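See below for the structure under consideration.
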Amino acid sequence: MLLMKLQSKEKFSFLQLAHYLARIDNKYGEREEEIISEYCTEMGIENLDSFDMDKFSLEDILKDFKSEASKRIVILELMILIHIDHSFNINEQILIEKISESFGIDVDDVNDYSQWGKSVAMLYEVAKIFINEKKKLH
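Residue numbers (this note's numbering): -17 to 120.
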């Protein structure tokens, strides 16, 4: 819903950032993969065939987000990815702190965004259950 508002270059940068975040806790699982796939569908772009953690430059990627709205969208959407596996790993926390500091976003806002991301992640899981429920015969 929000990712559509990003500029084209920002979408590709966001995808790289999402892949980096998903792997920073050394647990890239099915839930993260599914959310990243959803991000790609929403943005209308192809997912990356591979991602090299060693070649990723956080500083370079963050420079691609120019507007205040884009920066806030990035953090909001990353919070869904963080909370989809029901754990907020220390490496993820450190990364979000670096991103929000670079973007000049207040820690109180980031905490609010985290709560929002946790809620959206939970609702996403509930929606999957609803979608996969078999019709009950009366």
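Glycine included, each C-beta is placed from N, C-alpha and C at the ideal position.
Owing to the predicted nature of the structure, the values given are computational and were not obtained by experimental measurement.
Query: Separation of A103 from L63, as counted between CA atoms; Result: 8 Å
Query: E28, DSSP secondary structure in three states; Result: coil
Query: Same chain, Cβ closer than 7 Å to D46, five either side skipped, listed in chain order; Result: K(-9), E(-8), S(-5)
Query: Option nearest V56 by Cα separation, candidates I6, L44, N29; Result: L44
Query: Given 8 Å, three or more beta-carbon pairs between the stretch 91 to 98 and the stretch 24 to 34; Result: no
Query: Per-residue burial, K53 [other beta carbons within 10 Å of its own, 16 or more giving buried]; Result: buried
Query: Enclosing alpha helix (DSSP H) for E50 [first to last residue]; Result: 50 to 65
Query: Span separating the alpha-carbon of E83 from that of F112; Result: 38 Å
Query: Inter-residue CB distance, L3 and E50 (contact presumed, cutoff 8 Å); Result: Not really, about 21 Å apart at Cβ, beyond 8 Å.
Query: Cut-off 8 Å between Cβ atoms - residues of its own chain near L(-3), not counting five sequence neighbours on either side; Result: I18, Y21, C22, M25, I27, N29, L30
Query: C-alpha gap between E107 and L77, whole angstroms; Result: 24 Å
Query: Under the three-state DSSP convention, the category K9 falls into; Result: coil
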